[in-house]
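Engineer: Shown below is the structure under consideration.
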Amino acid sequence: MVLAAIAVGTNLGDRRVHLERALEALRALPRTRIRAVSSWHETEPVGGPPGQGRYLNGAVLVETGLAPRELLDELLAIESAEGRVRVAGRRDGPRTLDLDLLVHGAAVVEEPGLVLPHPRAEERPFVLEPLAEIAPDLRFPRSGLNVLEALARLRASVGGRRGSADGTVALSSPAEARAWCGHARARGARIGFVPTMGALHEGHLELVRRAARENDAAVVSVFVNPLQFDEKSDFERYPRDFAADVALLGPAGCGMAFTGTLAGFFPGELAADGSLPAAKLLDPGTAALGLEGAFRAGHFAGVATIVDRLFEVVTPHVAYFGEKDFQQTLVVRDLSRRRGAPPIVVCPTSREASGLARSSRNERLSPTERAEAAVIFRALSSARAAWRAGERRAAMLSGALRTVLSGSTLRVEYATVRDPEQWTADEPATPLLRAQALVAARLGAVRLIDNLRLDVPDGGVPGDEVGGS
Ligand code: PAF
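Take any residue in the sequence shown, note its place counting from 1, add 340, and you have its number in this note's numbering.
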């Protein structure tokens, strides 16, 4: 018995009925068992006369004792039973049913009417995409590539080195992303990586544009990581629309964006209830102590664990993070140092005209709340004014923050100051040489965080490439 892969497609009549009947006929073949069937993918016709209808395509993996020619004859018989008339010399016309034998074990055949592996299988996304769902590791005997590798090669060649206005290569699994990045690196491309949880806004796009400018390929991950949410309702309410995110990424210069599921990121590592066992979580290090680490139990272990896995999938030359999540940048920088790479570039916080830091969570604020949330930046600016006036005591600087915030309806979780280069869980008691003011507050059901460097003229990040090798 060998494994054989068959592509099925139709663009005439009731396409679903043709496909269902094809499956029925395949099930009835002698010495053959269906191992897996992909979902149906709708695609535009490739080649052939103009005005043809869209195709419904899929792939079927069978285990068969039939020889290649025997199996091919059976497939042709199923096609003609479904009403297809093959016209000699015409390949791309409309069809009630098309069954192509793609791969038959390790067979390499070149005979009239039978070429194996199928000569165009590795050039067609509408063949490889469904096949990747059911047989990602199946190898094409001639090229030696498996299905995922062939798909990555195809996408790298059509997706180009940079994104474009008409699209970013969008992949739905970390395995496909790993293969795409492998190909990009193999042809010498430098990869700049921007990890995100989607719901992209201008702040993310600034990171992506910079990654595209400074590298050959900008790669973006879009994954709402359940490991880093301490509140189930926050996780559930987090906006998700991968297609909308991808549409924004093309014009920003993103070459490839990928998403996935927890099971896709940690294959074979999840417990029966679908969670990642605690023993698999990474220690986020000392930068996780205090503030976000104290208010959001387990948050940074979840961030470190997914970022580590994302780095492993993408193997970027450099990764870009926003300064808005200041403590996260410290955790990631430490992680990257411990694990040997990549360098981390921290980019200034992107702000709305009111000073409010851009965040996906801002979308959940009402217009009135959004206006009120700008008080956070006013508080940070007041601490910076105090620093500029010569104040170096953390308690006085955080007092300046709290004075401004107390005039609002925000429920403050912390409003405090740290030395950004010597992180401590608590506020330093001795006068500061450098200072980062940090605030977390709730407005209605939304939790907002922001921060500002007090000791540099523009509040940005001095020497912003940190960590890694
Ligand atoms: O900053 C974020 O959006 C997330 O914490 C990150 C880095 C993508 C990890 O999930």
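Backbone N, C-alpha and C define an ideal beta-carbon position, used for all residues, glycine too.
Since this is a predicted model, take the numbers as computed values, not measurements.
1. Put Gly-528 into one of helix, strand or coil per three-state DSSP.
2. Under the criterion of a Cβ to heavy atom distance below 6 Å, does Val-643 qualify as lining ligand 1?
3. Which value, in whole angstroms, describes the spacing of the CA atoms of Gly-662 and Ser-573?
4. Excluding five sequence neighbours on each side, which residues of the same chain lie with their C-beta closer than 6 Å to the C-beta of Arg-518?
5. Quick one: Cα of Leu-416 to Cα of Pro-476, how far?
6. From this set, Gly-423, Val-443 and Leu-442, which residue's C-alpha is nearest Pro-434's C-alpha?
7. If contact is defined by three or more beta carbon pairs under 8 Å, each pair taking one atom from either stretch, is the region 522-532 in contact with the region 603-611?
8. Taking Arg-787 as part of the beta strand (DSSP E), name the residues at either end of that continuous run.
9. Spell out the partners DSSP gives Glu-451 in its beta bridges.
10. Tell me where the alpha helix (DSSP H) around Val-342 begins and ends.
11. Let me know if Ala-832 comes out buried or exposed under the rule of 16 or more other beta-carbons within 10 Å of its beta-carbon.
12. Could you compute how far the alpha carbon of Ala-446 sits from the alpha carbon of Arg-394?
13. Can the beta-carbon of Val-534 be found closer than 7 Å to that of Leu-547?
14. Could you name each continuous alpha helix (DSSP H) segment of 4 residues or more that falls completely within the region 610-689, going from the start of the chain to the end?
15. Determine the DSSP secondary structure at Ser-561, reduced to helix, strand or coil.
16. Listed by chain order, which residues have C-beta atoms less than 6 Å from any heavy atom of ligand 1?
17. Three-state secondary structure (DSSP) at Glu-571?
18. In the DSSP assignment, what residue or residues form a beta bridge with Asn-486?
19. With the cut-off set at 7 Å, would you say Leu-750 and Leu-783 are in Cβ contact?
20. Rounded to the nearest angstrom, what separates Asp-766 and Tyr-578 at their Cα positions?
21. Express the C-alpha separation of Ala-584 and Glu-827 in angstroms, rounding to a whole number.
22. Tell me whether the beta-carbon of Ala-734 lies closer than 7 Å to the beta-carbon of Pro-760.
23. Name the DSSP bridge partner or partners of Glu-403?
24. What is the rounded straight-line gap between the Cα of Leu-720 and the Cα of Leu-675?
25. Which residue or residues does DSSP assign as beta-bridge partners of Thr-536?
26. Which word fits Tyr-581, buried or exposed, when buried means at least 16 other C-beta atoms lie within 10 angstroms of its C-beta?
27. Using only alpha-carbon positions, find the residue among Arg-553, Gln-568 and Met-537 that is nearest to Ser-561.
28. List the endpoints of the continuous beta strand (DSSP E) containing Phe-606.
29. Beta strand (DSSP E) containing Thr-756: first to last residue?
30. At 4 residues or longer, what runs of the alpha helix (DSSP H) sit wholly inside the region 700-773?
31. Answer yes or no: do Val-455 and Pro-408 have a C-beta to C-beta separation smaller than 7 Å?
32. To the nearest angstrom, report how far apart Trp-520 and Leu-471 are at their CA atoms.
33. Quick check: the Cα distance between Pro-707 and Phe-569, rounded to an integer number of angstroms?
34. Would you please state the rounded distance, in angstroms, between the beta carbons of Leu-773 and Val-757? I believe it to be under 8 Å.
35. Determine the closest residue to Asp-665 out of Ala-399, Arg-787, Glu-469 and Asp-440, with distance taken between C-alpha atoms.
Structural biologist: Per the coordinate set shown:
1. coil
2. yes
3. 24 Å
4. Val-653
5. 26 Å
6. Gly-423
7. no
8. 786-793
9. Leu-454
10. No alpha helix (DSSP H) contains Val-342, which is instead part of the beta strand (DSSP E) from 342-350.
11. Residue 832 cannot be examined here, being either before or after the span of the chain that is shown, 341 to 809.
12. 32 Å
13. yes
14. 632-635, 639-654 and 666-679
15. strand
16. Pro-535, Thr-536, Met-537, Asn-565, Gln-568, Val-643, Ile-646, Val-647, Asp-665 and Gln-668
17. coil
18. Arg-479
19. yes
20. 30 Å
21. Only positions 341 to 809 of the chain appear in the structure, and residue 827 is not among them; the question remains open.
22. no
23. Leu-343 and Arg-373
24. 28 Å
25. Val-562
26. Residue identity differs from the one stated: residue 581 is Asp in this sequence, not Tyr. Answer is exposed; the Cβ neighbour count stays below 16.
27. Met-537
28. No beta strand (DSSP E) holds Phe-606; DSSP gives it neither H nor E.
29. 751-758
30. 707-713, 715-728 and 734-745
31. no
32. 16 Å
33. 26 Å
34. Not a contact, Cβ separation roughly 12 Å.
35. Arg-787
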